[in-house]
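Take a look at the structure below.
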Amino acid sequence: MSWRNNILAGRQLDIILAFCFIFSLVGIISGHRLVFLLVAVLMALIGAGKFYDQRVGQQLHLTNPEKTIRMFVGEETKMSITLVNASFISIINGVLTFQMNDNLVGERFRKTEAKQSNYTYRIPLSVPSNNNVSVDLPFIAKKRGVATITHINYSFPVFLMKHFSLSYQQKYRTKVVVYPKPMEVQGLQPFFNMALGEDRSLLSPFEDLQSVHGVREYVSTDDFRYIHWNASMRKNALQTKVYDRMQDITLTIVVNVSESSRLGNLYISPGIERLLSQAAYLCYYAAQQGYPVEVHFNMKSIGSSHLRTYSSGQAMEDLKAALELLAHIEHKESIFKFSQLLHSLSAENKHRIIILVGQVDPTIHQFTLFNNQTIYHILEVGDGASLVPLKSKEGTE
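Per the UniProt record's numbering, the sequence shown starts with residue 1, numbered consecutively.
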């Protein structure tokens, strides 16, 4: 069942039954027929109330569309809640209540302030028989996160002045995803090392051995395996294969969402929202320049060594995946040491352009992750942030 009902019965029925008993005794003793007529009216009232109570709300349905609304901090949206009453009995003076995450705020119908990251909303709502009623709820995105409607309850008075309450048992499938507001990072320049990828570049030192661009005269320093034998036979001179040069400027963003105490205990960084906003800005920059991107966090994830996105090779697709992950990150996620994340990435041995976001552990230089790769770090100065090359142990860039 979609609804679980609960009738809060009062003492009205007991009082009416008591009056019926008293009036019946009075009628028997006095012999007045009008007294029995009054008893009959009261019994009819009880019967009508029972009939109404048993049928009201039985054919009440909540429209539950499965959709996702995506927006950014500061934007406005509307969510529509629709109740359908397929019964011939109208529901009068009802009240619909529900809870919503506090990253979305709607001034209309709001009942209480946020408790445990939720606001409670209260909407007066009557639903006529064989009809439906929709309520448009305007919301403003106040902060990053995923918002859903929960604890849906519809209550209304019934015939005998009792209170009828319906609790919605299914998960409401409409959700709102709020992306983080990008925080500008100064100093972004395309100082990215080149590696194997999809774009041809005459300046790249890397070759695609599956794509022969042409041939040239053989020189003594050429690898014997590169000789093009068919071309050599045609020209009666050794010819060397010339391969297409490729570059892959895939940006790897590694976010440290943790900080450590003097005793070495890890905890979620108080500035995690700022770090996520910086990561969002980097993702936007990469997409604007046409660079694919991967994002990694030192947070645990089911089915993977850590929370991350995988590059598809397409800048805009990678941006969408990164923003989606950034929106879904919660402060209660399990974290682990940043050094463990770096060790995991160094084992992959494929990340050439890396930007570190968050607190940098002084011991990170021990990892092979930083061999022959371009490493940058987001340096925070005052209220601003700048991209700077990561300095080596000796203090040189």
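All residues carry an ideal CB built from backbone N, CA and C; glycine is no exception.
Which of the three DSSP states is assigned to Asn-230 in this structure?
Translated into positions along the sequence shown, residue 230 becomes position 230. The three-state reading of DSSP puts Asn-230 in helix, counting H, G and I together.
From the DSSP output, which residues share a beta bridge with Gly-49?
Counted from its first residue, the sequence shown places residue 49 at position 49. In the DSSP assignment, no residue is bridged to Gly-49.
Mapping DSSP to helix, strand and coil, what is residue 398?
Only positions 1 to 397 of the chain appear in the structure, and residue 398 is not among them; the question remains open.
Leu-37: buried (16+ other C-beta within 10 angstroms of its C-beta) or exposed?
Reading the sequence shown from its first residue, position 37 is the one you call residue 37. Exposed, by the Cβ-count rule.
If Val-215 sits next to Thr-240, beta carbons under 8 Å apart, how far is it from one beta carbon to the other, in whole angstroms?
Translated into positions along the sequence shown, residue 215 becomes position 215. Translated into positions along the sequence shown, residue 240 becomes position 240. The Cβ separation is near 6 Å, so the contact holds.
Excluding five sequence neighbours on each side, which residues of the same chain lie with their C-beta closer than 8 Å to the C-beta of Gln-169?
Locating residue 169 in the sequence shown gives position 169, counting from the first residue. Excluding sequence neighbours, Gln-169 sits near Met-1, Ser-2, Trp-3 and Arg-4.
My assumption, with CB atoms under 8 Å, is that Ala-280 sits in contact with Leu-323. Please give the rounded CB distance.
Your numbering for residue 280 matches position 280 in the sequence shown. Your numbering for residue 323 matches position 323 in the sequence shown. At roughly 7 Å, the Cβ-Cβ gap stays under 8 Å, so Ala-280 and Leu-323 are in contact.
Whole angstroms are fine: how far does the CA of Val-177 sit from the CA of Phe-139?
On the sequence shown, position 139 is the one that residue 139 refers to. On the sequence shown, position 177 is the one that residue 177 refers to. Their backbone Cα atoms lie some 13 Å apart in a straight line.
8 Å Cβ shell around Leu-125 - same chain, five flanking residues per side excluded
As a working mapping, residue 125 is identified with position 125 in the sequence shown. Taking C-beta separations shorter than 8 Å and ignoring five residues to either side along the sequence, the partners of Leu-125 in its chain run Leu-83, Gly-94, Val-95, Leu-96, Val-133, Val-135 and Tyr-154, following chain order.
If you reduce the DSSP assignment to three classes, tell me which class Met-316 lands in.
Within the sequence shown, residue 316 is the residue found at index 316, counting from 1. The answer is helix: DSSP assigns Met-316 an H, G or I state.
Around the C-beta of Leu-166, are 16 or more other C-beta atoms found within 10 angstroms, so that it is buried, or is it exposed?
Translated into positions along the sequence shown, residue 166 becomes position 166. Leu-166 is classed as buried because its beta carbon has at least 16 other beta carbons within 10 Å across all chains shown.
Hey, how far is the Cα of Lys-332 from the Cα of Val-255?
If you number the sequence shown from 1, residue 332 lands on position 332. If you number the sequence shown from 1, residue 255 lands on position 255. When rounded, the separation of the alpha-carbon atoms in Lys-332 and Val-255 is 16 Å.
Once DSSP output is grouped into helix, strand and coil, what is the label at Ser-386?
Within the sequence shown, the letter at position 386 stands for residue 386. DSSP places Ser-386 in strand when its eight states are reduced to three.
Give the straight-line distance between the Cα atoms of Glu-66 and Ala-147, rounded to the nearest whole angstrom.
Here residue 66 is taken as the residue at index 66 of the sequence shown, counted from 1. Here residue 147 is taken as the residue at index 147 of the sequence shown, counted from 1. Approximately 14 Å between the Cα atoms of the pair.
Kindly indicate which three-state DSSP category Met-183 falls into: helix, strand or coil?
Translated into the one-based positions of the sequence shown, residue 183 becomes position 183. Here Met-183 sits in coil by DSSP.
Would you kindly report the start and end of the unbroken beta strand (DSSP E) that includes Tyr-168?
For the purposes of this step, residue 168 is identified with residue 168 of the sequence shown, where counting begins at 1. Taken as a continuous stretch (DSSP letters only), the beta strand (DSSP E) holding Tyr-168 covers 163-168.
Leaving out five residues before and five after Thr-77 in sequence, what residues of the same chain have Cβ atoms less than 6 Å from its Cβ?
As a position in the sequence shown, residue 77 is number 77, starting the count at 1. Excluding positions up to five away in sequence, the list reads Ile-69, Met-71 and Phe-139.
Quick one: grab the DSSP three-state call for Met-194.
Translated into the one-based positions of the sequence shown, residue 194 becomes position 194. With a pLDDT of 41 at Met-194, under the threshold of 50, the predicted position of this residue should be treated as unreliable, though the coordinate-derived value follows. Secondary structure of Met-194 (DSSP, three-state): coil.
Near Asp-383, what residues of its chain come up, given a Cβ to Cβ distance below 6 Å and the 5 sequence neighbours on each side ignored?
Counting from one through the sequence shown, the residue named residue 383 turns up at place 383. When the five nearest sequence neighbours on each side are left out, no beta carbon in the same chain lies closer than 6 Å to the beta carbon of Asp-383.
Could you tell me the alpha carbon to alpha carbon distance between Gln-59 and Cys-20, rounded to whole angstroms?
Residue numbering aside, residue 59 sits at position 59 when the sequence shown is read from its first letter. Residue numbering aside, residue 20 sits at position 20 when the sequence shown is read from its first letter. So the alpha carbons of these two residues sit roughly 33 Å apart.
Are Leu-345 and His-377 closer than 9 Å when you measure CB to CB?
Indexing the sequence shown from 1 puts residue 345 at position 345. Indexing the sequence shown from 1 puts residue 377 at position 377. Going by C-beta atoms, Leu-345 is not nearer than 9 Å to His-377.
For Lys-175: DSSP bridge partner residues
As a first step, residue 175 is located in the sequence shown; it is residue number 175 there, counting from the start. According to the DSSP secondary-structure assignment, Lys-175 is paired through a beta bridge with Thr-68 and Thr-148.
Of all the beta strand (DSSP E) runs that stay within the bounds of the UniProt domain "DUF58" (215-293), which reach a length of 3 or more residues?
Listed in chain order, the complete beta strand (DSSP E) runs (minimum 3 residues) inside the UniProt domain "DUF58" (215-293) are 239-247, 251-256, 258-260 and 266-268.
How many Å lie between Gly-290 and Cys-283 at the Cα?
In the sequence shown, the residue the question calls residue 290 occupies position 290. In the sequence shown, the residue the question calls residue 283 occupies position 283. Their backbone Cα atoms lie some 10 Å apart in a straight line.
Three-way DSSP call (helix, strand, coil) for Ala-141 in this model
For the purposes of this step, residue 141 is taken as residue 141 along the sequence shown, with counting starting at 1. In this structure, Ala-141 counts as strand in the three-state DSSP scheme.
Inter-residue spacing [alpha-carbon to alpha-carbon] between Ile-353 and Lys-337:
Here residue 353 corresponds to residue number 353 of the sequence shown, with the count starting at 1. Here residue 337 corresponds to residue number 337 of the sequence shown, with the count starting at 1. Cα-Cα distance, rounded: 22 Å.
What's the call for Ser-334, buried or exposed, on a 16-neighbour Cβ count within 10 Å?
Your numbering for residue 334 matches position 334 in the sequence shown. Answer is exposed; the Cβ neighbour count stays below 16.
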